[in-house]
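Peer 1:
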Amino acid sequence: MPEFSTGKGTRKPSMTAHEVPRGTDSMPDALPQGEEKAAAVRGMFDAIAPRYDLVNRIMTFRLDVRWRRLAVGSLALRRDSLVVDLACGTGDLCRELDAAGLRAVGVDLSFGMLAAARTDAPLLQGDALRLPVRDGSVDGVTCGFALRNLVDLVPFFAELRRVLRPGGRIALLEVAEPDNPVLRWGHGIYFGKVVPVIGGLLSDASAYRYLPRSVAYLPDPEELCEMIAAAGFTAVERRLLSGGISQLLTATRRS
Ligand SMILES: C[S@@+](CC[C@H](N)C(=O)[O-])C[C@H]1O[C@@H](n2cnc3c(N)ncnc32)[C@H](O)[C@@H]1O
Numbered sequence: 309m310p311e312f313s314t315g316k317g318t319r320k321p322s323m324t325a326h327e328v329p330r331g332t333d334s335m336p337d338a339l340p341q342g343e344e345k346a347a348a349v350r351g352m353f354d355a356i357a358p359r360y361d362l363v364n365r366i367m368t369f370r371l372d373v374r375w376r377r378l379a380v381g382s383l384a385l386r387r388d389s390l391v392v393d394l395a396c397g398t399g400d401l402c403r404e405l406d407a408a409g410l411r412a413v414g415v416d417l418s419f420g421m422l423a424a425a426r427t428d429a430p431l432l433q434g435d436a437l438r439l440p441v442r443d444g445s446v447d448g449v450t451c452g453f454a455l456r457n458l459v460d461l462v463p464f465f466a467e468l469r470r471v472l473r474p475g476g477r478i479a480l481l482e483v484a485e486p487d488n489p490v491l492r493w494g495h496g497i498y499f500g501k502v503v504p505v506i507g508g509l510l511s512d513a514s515a516y517r518y519l520p521r522s523v524a525y526l527p528d529p530e531e532l533c534e535m536i537a538a539a540g541f542t543a544v545e546r547r548l549l550s551g552g553i554s555q556l557l558t559a560t561r562r563s
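Start counting the sequence shown at 309; every next residue gets the next number (this note's numbering).
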């Protein structure tokens, strides 16, 4: 049994996120590392939480909704399976999990994101690298667009293996860069120039300048898959979505 309740009655955080005033920078221009990165990421998501969903839908033309649905389907778990959605943000993946008949629990570092969440799933404020979850107690783990925000991926994958039962599944979404040179060029302009303008108009420009730059934190695809396999997973697969602007990593915990 998991050590936390998955009852629908669990209360969400009651504090409301304050909206960042226009023109305020929540993120430094230099890419931070270590604990400085954790603090900066948390502060940035606290600041952009109130308009996070709006900006996401606009900048991905709602493709993000489809990507999350694919991620949940790729788990291929039985109804009522328990799935922890790490870095759950405002609860989009929790809602998809719920709609698929799975029991979701969301975990996120940012109180602002949790306070802005729209989901019935129980939510916990916590660090994906140190989960308050018993060994082998969950059937699946999802994580959407957060790998590049973590301080270190090796302990993250180790933590996934620890909390999953043998045969448990993971589905991790992350941004990607298309292989095709023309698409890559167009994507670079859109992600690097247009998205920061949209983000700046609707939310916090520095956060949406950080978004394209934060891709630099990601290991290359082969290394990423090797890290997952080395943590104790089998059937590691990487699927490119929507012409390669997004990626879905799936794997099964080895016995
Ligand atoms: C780009 S948002 C993605 C939110 C959501 N998964 C989605 O699909 O929209 C990244 C999220 O990762 C969270 N995050 C970053 N580092 C974290 C950590 N160490 N533990 C838990 N959450 C973390 C942030 O607070 C933020 O809500």
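Just so it is clear, CB atoms sit at the ideal spot from N, CA and C, and this is done for glycine as well. All values derive from a computational prediction rather than experimental measurement.
1. So, G564 versus D447, is the Cβ gap smaller than 8 Å?
2. Is L371 close to ligand 3? I mean its beta-carbon at under 7 Å from any heavy atom of the ligand.
3. Helix or strand or just coil, what does DSSP make of V380?
4. Cutting at 6 Å between CB atoms, please list the residues of its own chain near S563, excluding the five before and the five after it.
5. Can you tell me whether L509 is buried or exposed, with buried defined as 16 or more other CB within 10 angstroms of its CB?
6. Between the C-alpha atoms of L548 and A484, what's the straight-line distance to the nearest angstrom?
7. Helix, strand or coil for G540, going by three-state DSSP, please let me know.
8. Which residues share a DSSP beta bridge with V523?
9. Beta carbon of G551, beta carbon of P489: below 8 Å?
10. With 16 other CB atoms within 10 Å as the buried threshold, where does G409 fall?
11. Measure the beta-carbon distance from A452 to L481 and round it to whole angstroms, keeping in mind my assumption that it falls under 8 Å.
12. Just to check my reading of the structure: A513 and P520 have Cβ atoms closer than 8 Å, yes? What is that Cβ distance to the nearest angstrom?
13. Verify whether the separation of the beta carbon atoms of V373 and L405 is less than 8 Å.
14. Does the distance from the C-beta atom of R411 to that of S382 stay below 8 Å?
15. Return the CA-CA distance between F353 and A395, expressed in angstroms with no decimal places.
16. Since G476 is in the beta strand (DSSP E), which residue starts that stretch and which ends it?
17. Return the residue from the list E344, M367 and L362 that minimises the CA-CA distance to V502.
18. With three or more C-beta pairs closer than 8 Å as the rule, is the region 454-462 touching the region 439-446?
19. Suppose the cutoff is 6 Å on Cβ atoms and the five residues either side in sequence are ignored; what does the same chain contact list for W493 look like?
Peer 2: Inspection of the coordinates gives the following:
1. Residue 564 lies beyond the range of the chain shown here (309 to 563); nothing can be said about it.
2. In the structure on display, ligand 3 does not appear, and the ligands it does have are ligand 1.
3. helix
4. Cβ within range, chain order: P474.
5. For L509, the number of other beta carbons within 10 angstroms of its own is below 16, and it is reported as exposed.
6. 8 Å
7. coil
8. None; V523 has no bridge partner.
9. no
10. Exposed, since its Cβ has fewer than 16 Cβ neighbours within 10 Å.
11. One detail in the question is off: residue 452 reads as Gly in this sequence, not Ala. Confirmed, Cβ separation roughly 5 Å.
12. Wrong, their Cβ atoms sit about 12 Å apart, outside the cutoff.
13. no
14. Contact: no.
15. 11 Å
16. L472 to V483
17. Per the Cα distances, M367.
18. no
19. none
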